[in-house]
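In this note's numbering, the protein residues as written are 69 to 196.
Just so you know, even glycine gets a beta-carbon here, dropped at the ideal spot from N, CA and C.
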Ligand SMILES: [Zn+2]
């Protein structure tokens with residue numbers, strides 16, 4: 069399995085989203101997974117779902133779960149569409165909630181970790 073196929077599968081990407089590149093930096097132990105919406109000129113408005121023309125694309129970054137202890141970041145050229153009713157808005161991406169800088173998988177992991185943490189540990193100190 070190639071790196072693009074691997075991340076396509078683990079991120080659950082479907083058309084039009086496609087991985088265009090995977091960059092590995094051994095020096096910084098970081099991976100960047102580059103994603104674009106390919107082969108489309110129209111996408112749904114994030115507010116009403118109306119099929120709308122792509123206005124432009126802007127680069128956005130999301131922190132994802134580590135890959136074998138390598139910090140992993142999603143870098144995407146995310147389309148903004150011009151809806152006749154709602155104007156220009158960024159489309160919804162399948163890996164993260166609108167406005168978040170973390171992928172849904174990262175947020176789910178972090179919330180689960182926080183729920184499992186033992187908040188009674190003495191080294192956390194007290195507010196008294
Ligand atoms: Zn709309």
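Residue i CB to nearest heavy atom of ligand 1 below 7 Å
i, result
"residue 122", "no"
"residue 136", "no"
"residue 102", "no"
"residue 173", "no"
"residue 98", "no"
"residue 105", "no"
Residue i versus residue j: straight-line alpha-carbon distance, rounded
i, j, result
"residue 83", "residue 94", "30 Å"
"residue 117", "residue 152", "11 Å"
Bridge-paired residues (DSSP) for residue i
i, result
"residue 153", "Residue 153 is not bridged to any residue."
"residue 184", "Answer is none; residue 184 lacks a bridge partner."
"residue 90", "101"
Local Cβ density within 10 Å of residue i, reported as buried at 16 or more and exposed below that
i, result
"residue 88", "exposed"
"residue 179", "exposed"
"residue 193", "Because the pLDDT at residue 193 is just 49, under 50, the model does not fix this residue reliably, and the value given afterwards should be weighed accordingly. The residue is exposed, with fewer than 16 neighbouring Cβ atoms inside 10 Å."
"residue 101", "buried"
Ranges of the beta strand (DSSP E) found wholly within the stretch 93 to 181, counting only runs of at least 3: 98 to 105, 110 to 112, 119 to 135, 138 to 151, 155 to 158
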